[in-house]
Each structure stands twice: as structure tokens, then as C-alpha cells.
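Residue numbers (the working numbering): 81 to 271. We put the beta carbon where it would ideally sit given N, CA and C, even for glycine. A quick note: this is a predicted structure, and the numbers were derived from the prediction, not measured.
What follows is the structure, given as C-alpha cells:
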């Protein structure tokens with residue numbers, strides 16, 4: 081039974097189409113969330129890039145992304161987020177996340193440095209915990225004369241243990257759009 085479920089899951093993961101970057105703007109205008117995800121050949125890591133348009137100003141999106149208390153509501157698998165330390169100027173902080181992606185995977189602790197480059201870019205890098213190698217960026221672009229925001233999320237991460245490539249890619253293709261939809265719900269509920 082488990083083998084059949086895993087086969088079905090792998091089939092669904094592989095069946096998801098990949099879209100060219102040129103289609104992204106059109107898909108965003110249609111309300112879709114374009115996503116690209118790939119895992120390395122050994123299942124030890126992968127990259128994901130996705131985008132979403134949110135009907136709130138960038139300042140609202142900015143505050144929502146940086147709100148550690150909302151992380152568990154917005155990001156699949158995140159059980160807890162806490163700020164460990166913050167620079168006096170507010171331009172960087174150290175965060176810890178507890179993450180549980182599925183019943184078959186252990187709970188992981190990740191410590192990351194968050195660098196706030198401007199009011200449009202948030203960069204993060206894993207610096208400790210179980211997930212020691214990751215980096216990513218959130219980019220916010222005001223659209224519709226500033227009434228809305230285009231959010232682009234890019235991340236590369238190395239898994240602390242081998243995961244079959246189709247499963248890893250499938251998790252990224254599923255979880256990142258889910259997180260972006262949750263971010264949109266949180267932002268639009270704040271307005």
C-alpha cells in the first residue's frame with residue numbers, strides 16, 4: 081500500500097508542468113503562481129523560484145514577511161519561528177525555525193541570518209542547525225501605482241539527508257506556492 085501511495089505521489093510530482101520565465105508575467109496577471117523547482121541529482125538539495133501578485137502595498141507585504149509570529153500560519157512545515165537577536169539598526173537579525181515537512185521526516189531546527197537590504201529586498205542565509213546550507217531572497221516590486229505588490233521568492237537549500245529527487249522537487253513545487261498563497265491571505269486580511 082505504501083509503495084502504491086509513493087508511486088502515485090511521484091507521478092503527481094513529475095506530472096506538474098514547468099513554465100518558461102517568459103510566461104511568468106502573463107501567468108501572474110491571470111492570478112496564477114508560476115514556480116520553477118529542481119533538485120540536484122543526488123537529492124541533497126535544490127532550488128525554487130516563484131512569484132505572486134498581492135493586492136496590498138509593499139509596506140504591508142514587507143511587515144507580514146518579517147513577522148515571525150505569522151511564519152507558522154504562512155509556511156507549510158514551520159512549527160515555530162523566533163528572533164534570536166536583532167542588530168540595533170534593524171537591518172539584520174538571527175532567526176530560528178522549527179520545521180516538520182511530513183510524518184516520515186524528523187523535525188528540523190534551522191538558524192538563519194536575515195539581511196534587510198532595503199524596503200524591497202530580504203535576504204537569508206542558513207548559519208546553523210540541521211539545515212546548514214541555504215540562501216534565498218524575497219524581492220518586492222510595487223505594481224498598479226503602488227496599490228499592489230509583486231513578490232518573488234528564490235531559495236537554494238541543501239537537505240540534511242538524502243531525499244528522492246522527485247519528492248524533493250514535488251515538495252518545493254507544492255509548499256512554496258502554498259506559502260505564497262498564505263502570505264497573500266495574511267496581507268489582504270491586514271488591509
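Terminal residues of the alpha helix (DSSP H) in which residue i lies
i, result
"residue 202", "It is not in any alpha helix (DSSP H) - residue 202 instead sits in the beta strand (DSSP E) that spans 201–209."
"residue 105", "104–109"
Residues bridged to residue i [DSSP beta-bridge criterion]
i, result
"residue 127", "118, 236"
"residue 263", "DSSP, once it has assigned bridges, lists no residue as partnering residue 263."
"residue 133", "230"
"residue 188", "179"
"residue 194", "173, 204"
Nearest-angstrom beta carbon gap, residue j and residue i [assumed within contact, 8 Å]
i, j, result
"residue 188", "residue 164", "The Cβ separation is near 16 Å, so there is no contact."
"residue 215", "residue 181", "19 Å between Cβ atoms; not a contact."
"residue 177", "residue 160", "7 Å"
"residue 141", "residue 231", "6 Å"
"residue 252", "residue 158", "Not confirmed; about 15 Å, so no contact."
"residue 144", "residue 153", "Incorrect: roughly 10 Å between the Cβ atoms, too far for contact."
"residue 179", "residue 192", "In fact, because the Cβ distance is near 11 Å, the residues do not count as touching under 8 Å."
"residue 228", "residue 133", "6 Å"
"residue 226", "residue 137", "6 Å"
"residue 266", "residue 135", "About 12 Å; that fails the 8 Å criterion."
Residue from the options whose Cα sits closest to the Cα of residue i
i, options, result
"residue 174", "264, 146, 104", "146"
"residue 240", "226, 190, 132", "190"
"residue 105", "268, 170, 131", "131"
"residue 117", "136, 149, 179, 257", "257"
"residue 195", "269, 183, 168", "168"
"residue 162", "172, 155, 148", "148"
"residue 204", "186, 172, 126", "172"
"residue 220", "260, 119, 120", "260"
"residue 125", "213, 268, 267", "213"
"residue 222", "120, 103, 139, 119", "139"
"residue 115", "255, 262, 263", "255"
Residue i: first and last residue of the uninterrupted beta strand (DSSP E) it sits in
i, result
"residue 218", "214–223"
"residue 153", "Unbroken run through residue 153 is the alpha helix (DSSP H), 151–154; no beta strand (DSSP E)."
"residue 146", "It is not in any beta strand (DSSP E) - residue 146 instead sits in the alpha helix (DSSP H) that spans 138–146."
"residue 171", "Careful: residue 171 lies outside any beta strand (DSSP E) and carries neither H nor E."
"residue 165", "158–166"
Near the ligand GDP: residue i beta-carbon under 7 Å from a heavy atom
i, result
"residue 270", "Among the ligands in the structure shown, none appear at all, so the ligand GDP cannot be discussed."
Across the region 103–113 and the region 184–201, are there enough close Cβ pairs to call them in contact, namely three or more that are closer than 8 Å? no
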